[in-house]
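Heads up: the sequence shown is residues 1 to 113, going by the UniProt record's numbering. Note that the Cβ used here is the ideal one computed from N, Cα and C, for glycine as well. In this text, all values refer to a predicted model and were calculated from it rather than measured experimentally.
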Amino acid sequence: MMGPPTSAMQQQKPRLDPNLMPSAVQVIDEDRSTRSGPFPTGYPTAEFPPLTTTEYIAQDQGNCNPKFMRTTLYAAPASSDVLKNSQLPFTVAVAPFAPLHPSEVSFLSHLIP
């Protein structure tokens, strides 16, 4: 006669289906094929920047070139509680001397004679 199921059998954790997980290689390749080339940085065409692995040419339209400054989240949480509950890091990566594509014009080149 078998006894009641053990607690280990009752508390099985659901497993992630690997077939439903996005492929990092596929995401990078798709971004490179659709987002390479010019990237306008300002209104009204402001959009999420290309991935850091994608070659692009930023067109300065008032917002910072994503090569110089990029956040870990695309949208800032409405409150600190939302950020705390999400448990996602919210930081800004700053690279003021990031290398530019030869076609990109540095803002300082207009100021320096």
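Is Thr54 closer than 8 Å to Ser36 when the C-beta atoms are compared?
Yes.
Determine, for Pro40, whether the minimum Cβ-Cβ distance to residues of chain C falls below 8 Å.
Protein chain content of the structure displayed is limited to a single chain, and chain C is not contained in it.
Which value, in whole angstroms, describes the spacing of the CA atoms of Pro77 and Leu83?
6 Å
From Phe39 to Lys67, what distance separates their C-alpha atoms?
Going from the Cα of Phe39 to the Cα of Lys67 covers about 11 Å.
Classify Arg35 as helix, strand or coil using the three-state DSSP reduction.
helix
Nearest-angstrom Cα distance between Pro99 and Pro44?
Computed Cα separation, rounded: 26 Å.
State the Cα-Cα distance for the pair Phe97 and Ala24, rounded to the nearest angstrom.
28 Å
With Cys64 and Thr41 assumed to form a contact (beta carbons below 8 Å), what rounded beta-carbon distance in angstroms separates them?
7 Å
Please tell me whether Thr72 and Phe90 are closer than 8 Å, where the distance is taken between their beta carbons.
yes
List the residues that DSSP assigns as beta-bridge partners of Gln59.
Pro40
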